[in-house]
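Trainee: Same order as they appear, the protein sequences are chains A and B. Residue numbering for the first sequence follows this note's numbering, beginning at 34 and increasing consecutively. Residue numbering for the second sequence follows this note's numbering, beginning at 132 and increasing consecutively. First, the structure itself, so that you have it in front of you.
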Amino acid sequence: GENVEQHPSTLSVQEGDSAVIKCTYSDSASNYFPWYKQELGKGPQLIIDIRSNVGEKKDQRIAVTLNKTAKHFSLHITETQPEDSAVYFCAAGDNYGQNFVFGPGTRLSVLP
Amino acid sequence: KAGVTQTPRYLIKTRGQQVTLSCSPISGHRSVSWYQQTPGQGLQFLFEYFSETQRNKGNFPGRFSGRQFSNSRSEMNVSTLELGDSALYLCASSSQGVGQETQYFGPGTRLLVL
Chain A
34 GENVEQHPST LSVQEGDSAV IKCTYSDSAS NYFPWYKQEL GKGPQLIIDI
84 RSNVGEKKDQ RIAVTLNKTA KHFSLHITET QPEDSAVYFC AAGDNYGQNF
134 VFGPGTRLSV LP
Chain B
132 KAGVTQTPRY LIKTRGQQVT LSCSPISGHR SVSWYQQTPG QGLQFLFEYF
182 SETQRNKGNF PGRFSGRQFS NSRSEMNVST LELGDSALYL CASSSQGVGQ
232 ETQYFGPGTR LLVL
């Protein structure tokens with residue numbers, strides 16, 4: 034089955050700096066890669082996702098890149114703000130929800 | 132639109148008991164998925180229901196079961212509770228299902244097994 038690794042497990046950045054979180058996956062059949070943000074006491078919230086037919090996707094300060102050959106994808110947050118502080122999860126699976134697996138999470142702290 | 136709601140929010144049970152958790156999806160969504168979140172194992176997929184049928188299932192024992200009603204509301208049942216079942220149980224809804232459309236998560240039910 035699918036296995037997703039995520040690094041780093043914790044990340045501290047200064048407000049205004051960029052943050053990068055990387056994930057690798059094992060199943061070459063995976064073609065859907067979402068990123069979720071989870072704040073304390075809340076459920077995860079989708080912030081961006083990418084499918085295998087696209088190499089990069091951007092939404093304001095957030096971007097995701099995908100390298101299908103190397104089986105890794107990354108989340109990039111620019112101009113970080115204190116409200117970006119949360120736990121971020123990557124996930125990988127296919128269009129049919131088979132083998133949908135989450136990474137272990139990255140705790141991001143944005144220091145004012 | 133109202134978001135995904137889960138009841139109850141907190142629950143305390145003892146080993147050997149059973150528990151039923153409820154999830155009401157966003158209006159119009161036909162897919163409901165359930166996840167278990169623990170500090171040690173992270174977020175793990177339990178199962179997905181779509182139009183009252185289980186469509187996908189994760190690697191959990193048969194003590195974990197679920198169902199979906201005609202109004203798309205879903206329930207998850209855990210029988211013969213074990214200490215290791217203590218976790219945050221999350222449900223998520225989407226219009227088409229896991230991997231096809233955005234999933235919207237509820238706030239979760241925190242279960243403590245003593």
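We treat Cβ as the ideally placed atom computed from N, Cα and C, and that holds for glycine.
#1: Taking glutamate 112 of chain A as the reference, give the member of A:Pro41, A:Val37, A:Val53, A:Thr43 with the closest Cα.
#2: Nearest by alpha-carbon distance to serine 226 of chain B: which of B:Leu245, B:Pro192, B:Val163 is it?
#3: Who are the neighbours of leucine 174 of chain B on chain A, taking C-beta pairs under 7 Å?
#4: Since lysine 75 of chain A meets chain B, which of its residues come closer than 9 Å, beta carbon to beta carbon?
#5: Whose C-alpha, out of A:Phe133, A:Ser142, A:Gln93, is nearest the C-alpha of glycine 34 of chain A?
#6: On the DSSP bridge assignment, give the partners of threonine 187 of chain B in chain order.
#7: Determine the DSSP secondary structure at aspartate 82 of chain A, reduced to helix, strand or coil.
#8: Under 8 Å, Cβ to Cβ, is there at least one residue of chain B near aspartate 127 of chain A?
#9: Compute the Euclidean distance between the alpha carbons of glycine 189 of chain B and serine 153 of chain B, then round it to the nearest angstrom.
#10: Once DSSP output is grouped into helix, strand and coil, what is the label at serine 112 of chain A?
#11: Evaluate valine 87 of chain A with the Cβ neighbour count: other Cβ atoms within 10 Å of its Cβ, from every protein chain shown; 16 or more gives buried, anything less gives exposed.
#12: My assumption, with CB atoms under 8 Å, is that serine 201 of chain B sits in contact with glutamate 213 of chain B. Please give the rounded CB distance.
#13: Beta carbons nearer than 7 Å to chain A: which residues of the segment 202–236 of chain B have them?
Mentor: A quick look at the data gives this:
#1: Nearest C-alpha to glutamate 112 of chain A: A:Val53.
#2: Among B:Leu245, B:Pro192, B:Val163, the Cα nearest to that of serine 226 of chain B is on B:Val163.
#3: Within chain A, the C-beta atoms nearer than 7 Å to that of leucine 174 of chain B come from Phe122, Phe135, in chain order.
#4: In chain order: Phe236, Pro238, Gly239.
#5: Taking only the C-alpha atoms, the option nearest glycine 34 of chain A is A:Phe133.
#6: Sequence inspection shows asparagine at residue 187 of chain B; the threonine mentioned does not correspond to that position. Per DSSP, B:Glu179.
#7: Strand.
#8: Interface residue, yes.
#9: Put simply, the backbone Cα of glycine 189 of chain B is about 19 Å away from that of serine 153 of chain B.
#10: For clarity, residue 112 of chain A is glutamate in the given sequence; the question names serine instead. Assigned with DSSP and collapsed to three states, glutamate 112 of chain A falls in coil, not helix or strand.
#11: Exposed.
#12: 32 Å between Cβ atoms; not a contact.
#13: The residues in question are Leu221, Gly228, Val229, Gly230, Gln231, Thr233, Gln234, Phe236.
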